[in-house]
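Mapping of the sequence shown onto this note's numbering: position 152 corresponds to residue 152, and the numbering continues sequentially without gaps.
Ideal Cβ placement from N, Cα and C applies to all residues, glycine included.
Treat the numbers as computed from the prediction; the structure is a model and nothing was measured.
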Amino acid sequence: MGCVRTTTKREVLQRSKDLLESSLPRFKSRIFVMASGEDLPTNLRDQEVLTISIAGGSFDYSAQTGAGQNVVPYQGTLKVKLWKTSRTDRQGSDEGALLDTDGVFDLERDILRAMLGSQLPGLEGSYDPILTQACYAVDDSEPERTSDGAFGNNPRGDMSQVVLVMTFGVDFHWNLS
Numbered sequence: 001m002g003c004v005r006t007t008t009k010r011e012v013l014q015r016s017k018d019l020l021e022s023s024l025p026r027f028k029s030r031i032f033v034m035a036s037g038e039d040l041p042t043n044l045r046d047q048e049v050l051t052i053s054i055a056g057g058s059f060d061y062s063a064q065t066g067a068g069q070n071v072v073p074y075q076g077t078l079k080v081k082l083w084k085t086s087r088t089d090r091q092g093s094d095e096g097a098l099l100d101t102d103g104v105f106d107l108e109r110d111i112l113r114a115m116l117g118s119q120l121p122g123l124e125g126s127y128d129p130i131l132t133q134a135c136y137a138v139d140d141s142e143p144e145r146t147s148d149g150a151f152g153n154n155p156r157g158d159m160s161q162v163v164l165v166m167t168f169g170v171d172f173h174w175n176l177s
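What follows is the structure, encoded as structure tokens:
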């Protein structure tokens, strides 16, 4: 895997955002760092948005013994939420949001392709990995309709918003100094 240096939660989150922006140009400037569990800010009017957060993690006690006082081996959890607003069909179903070629499931696949196997090496060809092992998928949620009604410039109310949450493992040596 090469030499991996110590890092911080802030850097892991920033590099995850950078990786998603560079891998998924359609989300450029529509990826937001949020506290876990937060809803979207009401002023966001985009049809597709990603939010990311460090949702917690655990400390490996046995690995701490040789790491010293200022470095803690950390098994972190990164959550990526996909928010998609789309028009419903006549019956009010979310078929389009889920099954269209740019639907939730295709976007989930694209996010998985971007994140899996990465050590968050940095941008522009610099190889400076910060994860102790490659990013791995932990789980995902069932797509959930968070709300329906009128969104953005559509006053007719035949829209719905679907959210899907993906969880990734991001293990790193957390530098406390």
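**Request:** Put Ser16 into one of helix, strand or coil per three-state DSSP.
**Result:** Here Ser16 sits in helix by DSSP.
**Prompt:** Which one or two residues does DSSP pair with Tyr178 in a beta bridge?
**Reply:** In the structure as shown, the chain starts at 1 and stops at 177, and residue 178 therefore has no counterpart that could be examined.
**Prompt:** Exposed or buried, which one is Leu176 when buried takes at least 16 other CB atoms within 10 Å?
**Reply:** exposed
**Prompt:** For Arg87, which residues does DSSP report across the bridge?
**Reply:** Met159
**Item:** Distance, Val33 Cα to Ile52 Cα
**Value:** 5 Å
**Message:** Helix, strand or coil for Gly169? Go by DSSP, reduced to three states.
**Reply:** DSSP places Gly169 within a strand segment (E or B) once states are collapsed to three.
**Prompt:** Residues in its own chain within less than 6 Å of Asp60 by CB, not counting five upstream and five downstream?
**Reply:** Pro73
**Item:** Start-to-end residues for the alpha helix (DSSP H) that takes in Asp110
**Value:** Val104 to Met115
**Prompt:** Hey, out of Val80, Asp46, Leu78 and Asp106, whose CA is closest to Met159's CA?
**Reply:** Asp46
**Message:** Below 8 Å on the Cβ atoms is my contact criterion, and I expect Val104 with Leu44 to pass it. Report the Cβ-Cβ distance as a whole number of Å.
**Reply:** Rounded, the Cβ-Cβ distance is 17 Å, inconsistent with contact.
**Item:** Residues of its chain near Gly169, where Cβ-Cβ distance is below 6 Å and the 5 sequence neighbours each way are ignored
**Value:** Tyr136 and Val138
**Request:** Using the Cα positions of Asp128 and Glu144, report the straight-line distance between them to the nearest angstrom.
**Result:** 37 Å
**Message:** Just verifying my parser: in three-state terms, what is the DSSP assignment at Ala134?
**Reply:** coil
**Asked** For Lys79, does the three-state DSSP call read helix, strand or coil?
**Response** strand
**Prompt:** Roughly how many angstroms separate the alpha carbons of Gly96 and Thr88, rounded to a whole number?
**Reply:** 7 Å
**Request:** Would you kindly work out how many angstroms separate the C-alpha atoms of Glu108 and Lys81, rounded to a whole number?
**Result:** Answer to the nearest angstrom: the Cα atoms are 10 Å apart.
**Item:** Limits of the unbroken alpha helix (DSSP H) element including Glu95
**Value:** Annotation: the continuous alpha helix (DSSP H) that includes Glu95 extends over Glu95 to Leu99.
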